[in-house]
Amino acid sequence: MKSKEKQMDATPHIPVIDGFCPMPDIAKLIGGKWKLIILQILIFQGMQRFNGLRRCIPDVTLTMLTSQLRALEKDGLVHREIYAEVPPRVEYSATPRAMALQKVFLSMHEWWLEDEKRNI
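Count along the sequence shown starting at 1, add 70, and that's the number in our numbering.
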């Protein structure tokens, strides 16, 4: 029994502070089919205009792309720059908060590559 307890104590885990686990909040911020893809594009390819994002994500609807961009902007992960030009130009970029996720994306990619090897 004691060896199991020691083993469990040595296992890395996500800290729970005052009974609070951050995973549901993290899932709300970056979860979903389109948010991760949008963030990946903005983090690794840089600034994009709306139609550029649409070309990168051909299956997303206009409504869904707009909705996801607004949510990411509201949560401080995407910056929306509007230029006073005719026609208006709008550019989207990853904020420093989103750029901090770069290592997370790279880790997920490494995990996926390893998982693919196991499933072959």
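We treat Cβ as the ideally placed atom computed from N, Cα and C, and that holds for glycine.
>> Taking only three categories from DSSP, how would you classify I127?
In response: Here I127 sits in coil by DSSP.
> Unbroken alpha helix (DSSP H) runs of length 4 or more, entirely within the segment 103 to 149: which are they?
Replying inline: Entirely contained in the segment 103 to 149, the alpha helix (DSSP H) runs reaching 4 residues are, in chain order, 103 to 115, 120 to 126, 132 to 144.
> Is the beta carbon of Q138 less than 7 Å from the beta carbon of I100?
Replying inline: In this structure, I100 does not lie closer than 7 Å to Q138 by Cβ.
> What are the residues that DSSP puts in a beta bridge with S177?
Replying inline: In DSSP, S177 forms no bridge with anything.
>> Rounding to the nearest angstrom, what Cα-Cα distance links E143 and E155 in this structure?
In response: Put simply, the backbone Cα of E143 is about 22 Å away from that of E155.
> How should K74 be labelled, buried or exposed, when 16 other C-beta atoms within 10 angstroms of its C-beta is the threshold for buried?
Replying inline: Model confidence at K74 stands at a pLDDT of 46, short of 50, so the residue's coordinates are unreliable; what they give is reported in the following sentence. Exposed is the call here.
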